């Protein structure tokens, strides 16, 4: 009985102390402010949807884009790719084109008599415009998986939504990366409105300049899966060859490389007039290197956490140097070469006192890029 | 005319959604320092904190149409920032399902007194140095005020793991305080 009471008292006092600690930290830290690197805003700003910004998704050449803007770009290209894809494969005018594309097609038809042989700039720019319209509207819709659900529950209130595209594309794009492939499905499900159907399906599509350049995206950082999509997604046929092997004949293709390194990706595009264009690009496929450092070592002879060993927890990097300094910024250990670890001793092999030390580690990822990281390391015996 | 009128948080949010650059920058400048301190508390280092910070702000601006205006915009951004930090850490860390620690070391009155006498900057420094394993739980429990059950759900661990991590954080704090008092 008495023991029980003591234990309860102990538990209660622990609880009260927890509350007390929480109060101290919460009071002093929940409103605490830290200095901000002034360069950070530029990175954020560049990723935000801007009013009237007419940036198009197309990028010259096969360029690996960075993750944040990519899915927006890919989504807009796909949205057009799929709608036009149906147009092409059905051999008739689209029944469910969204407004800008529809206008572009009408303007094409109107121009047909005037100038057939020249590059139809209006056509290209109209497509670009519609693509940027999707980009604006989708700024808030492209999301990470964990919040995809919440996104769908909230109707978009974007005032920039005047293109009428967002309803279709949001189905295909909202959610997450995997959702991107649903684009085709949503095109299927689009409702036909009578006033959108136009006569003249017998007219051949006007000629326009095209090439076989494409974009590549590394889907995840921790595997070698890439997604490829062409800059001109409205042509007759596509053939992808990766390292000399036929990989796909869809507009876009995905491929997981078996090995890191430089790989050759080739796209052959055929337009409606049977003209073909080929583009080959070297894709550098590497796993993301990550340098992970321990924050504590306990070299006490129990074989657990005996060493500060950066190679143990890191991924896809080669450790190049390791320096340990003490609280007075005095170098206590330095290793380069084959054995890059620290066992809690100083440069003469004498055990160092338990304290907090500071580790400075330099490594190189598989691309050859240097990664440097610093961390406090607690030494306990 | 509208110059003297203070925009409400909801109006600010709408201007951001419309893509008004000046407003976006204004909202950012208003909240950047607090958000950076949050990121620093969760991250392992400044680089990681800056990554979380940028991701968090981009997410906040992208999803601003979900802000209903029912609370302050700063609180809403803060929620997104904490979530971004958790997701970031969750993606980079395997949670160890440790057993329950039966007899947790408790901080005595002296330790608590020492904590009370520390400045916000010193406490911040302590939290930042805390090993990542239990730093997340400590932040969520002690500073954000979540219950262990909520933390468990957010991190995808058991309630016991959350409690255990907090015990460890407390034990670590005790050790730090001892070191500080010895060296002082």
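Chains as they are written, first to last, in this note's numbering: chain C, 1 to 381; chain V, 382 to 565.
Where is the CB? At the ideal position from N, CA and C, for every residue including glycine.
These numbers come from a predicted model, not from an experiment.
DSSP bridge partner residues for residue i (one or two, in chain order)
{"i": "residue 413/C", "result": "With chain C covering only 1 through 381, there is no way to say anything about residue 413/C."}
{"i": "residue 562/V", "result": "In the DSSP output, where bridge partners are listed per residue, residue 562/V has none listed."}
{"i": "residue 342/C", "result": "308/C"}
{"i": "residue 321/C", "result": "336/C, 362/C"}
{"i": "residue 214/C", "result": "230/C"}
{"i": "residue 236/C", "result": "In DSSP, residue 236/C forms no bridge with anything."}
{"i": "residue 279/C", "result": "267/C"}
{"i": "residue 495/V", "result": "DSSP output for residue 495/V lists no bridge partner at all."}
{"i": "residue 285/C", "result": "261/C"}
{"i": "residue 378/C", "result": "296/C, 356/C"}
{"i": "residue 225/C", "result": "256/C"}
{"i": "residue 242/C", "result": "245/C, 265/C"}
Span of the alpha helix (DSSP H) around residue i
{"i": "residue 408/V", "result": "402–423"}
{"i": "residue 450/V", "result": "Residue 450/V -> no alpha helix (DSSP H), and no H or E assigned at all."}
{"i": "residue 257/C", "result": "Residue 257/C -> no alpha helix (DSSP H), and no H or E assigned at all."}
{"i": "residue 441/V", "result": "427–443"}
{"i": "residue 519/V", "result": "513–519"}
{"i": "residue 502/V", "result": "501–510"}
{"i": "residue 315/C", "result": "From DSSP, residue 315/C is part of no alpha helix (DSSP H); its letter is neither H nor E."}
{"i": "residue 44/C", "result": "40–46"}
{"i": "residue 529/V", "result": "529–536"}
{"i": "residue 394/V", "result": "390–398"}
Cβ pair residue i, residue j closer than 7 Å
{"i": "residue 510/V", "j": "residue 228/C", "result": "no"}
{"i": "residue 313/C", "j": "residue 292/C", "result": "yes"}
{"i": "residue 283/C", "j": "residue 265/C", "result": "yes"}
{"i": "residue 374/V", "j": "residue 462/V", "result": "Outside the shown range of chain V, which is 382 to 565, sits residue 374/V, and nothing can be said about it."}
{"i": "residue 237/C", "j": "residue 270/C", "result": "yes"}
{"i": "residue 466/V", "j": "residue 515/V", "result": "no"}
{"i": "residue 240/C", "j": "residue 253/C", "result": "yes"}
{"i": "residue 504/V", "j": "residue 29/C", "result": "yes"}
{"i": "residue 523/V", "j": "residue 22/C", "result": "yes"}
{"i": "residue 310/C", "j": "residue 361/C", "result": "yes"}
{"i": "residue 316/C", "j": "residue 287/C", "result": "yes"}
{"i": "residue 36/C", "j": "residue 414/V", "result": "yes"}
Interface flag, residue i vs chain B, CB-CB below 7 Å
{"i": "residue 546/V", "result": "Absent here is chain B; the protein component of the structure consists of chains C and V."}
Range covered by the beta strand (DSSP E) that runs through residue i
{"i": "residue 352/C", "result": "No beta strand (DSSP E) holds residue 352/C; DSSP gives it neither H nor E."}
{"i": "residue 246/C", "result": "245–248"}
Any 3 or more C-beta pairs closer than 8 Å across the stretch 338–354 of chain C and the stretch 292–308 of chain C: yes
Contact list for the stretch 315–343 of chain C against chain V, Cβ threshold 8 Å: none
Any 3 or more C-beta pairs closer than 8 Å across the stretch 540–554 of chain V and the stretch 517–527 of chain V: yes
Proximal residues, the stretch 391–416 of chain V versus chain C, C-beta separation under 9 Å: 395, 397, 398, 399, 400, 401, 402, 405, 406, 409, 410, 413, 414, 415, 416
Three or more C-beta pairs below 8 Å linking the stretch 400–410 of chain V and the stretch 321–331 of chain C: no
Contacting positions in the stretch 428–444 of chain V - beta carbon closer than 7 Å to chain C: 431, 434, 435, 438, 439, 442, 443, 444
Three or more C-beta pairs below 8 Å linking the stretch 406–418 of chain V and the stretch 434–447 of chain V: yes
Given 8 Å, three or more beta-carbon pairs between the stretch 15–26 of chain C and the stretch 356–376 of chain C: no
Residues of the stretch 493–507 of chain V with Cβ closer than 7 Å to any Cβ of chain C, in chain order: 493, 496, 497, 501, 504, 505
Chain-ordered residues of the stretch 206–239 of chain C with a beta carbon less than 8 Å from chain V: none
Short-range partners of chain C found in the stretch 521–533 of chain V, where Cβ spacing is below 9 Å: 522, 523, 524, 525, 526
Proximal residues, the stretch 286–311 of chain C versus chain V, C-beta separation under 7 Å: 295, 296
Residues of the stretch 343–373 of chain C with Cβ closer than 8 Å to any Cβ of chain V, in chain order: 355, 356, 373
Residues of the stretch 24–39 of chain C whose Cβ lies closer than 8 Å to any Cβ of chain V, in chain order: 24, 25, 26, 28, 29, 30, 31, 32, 33, 34, 35, 36, 37
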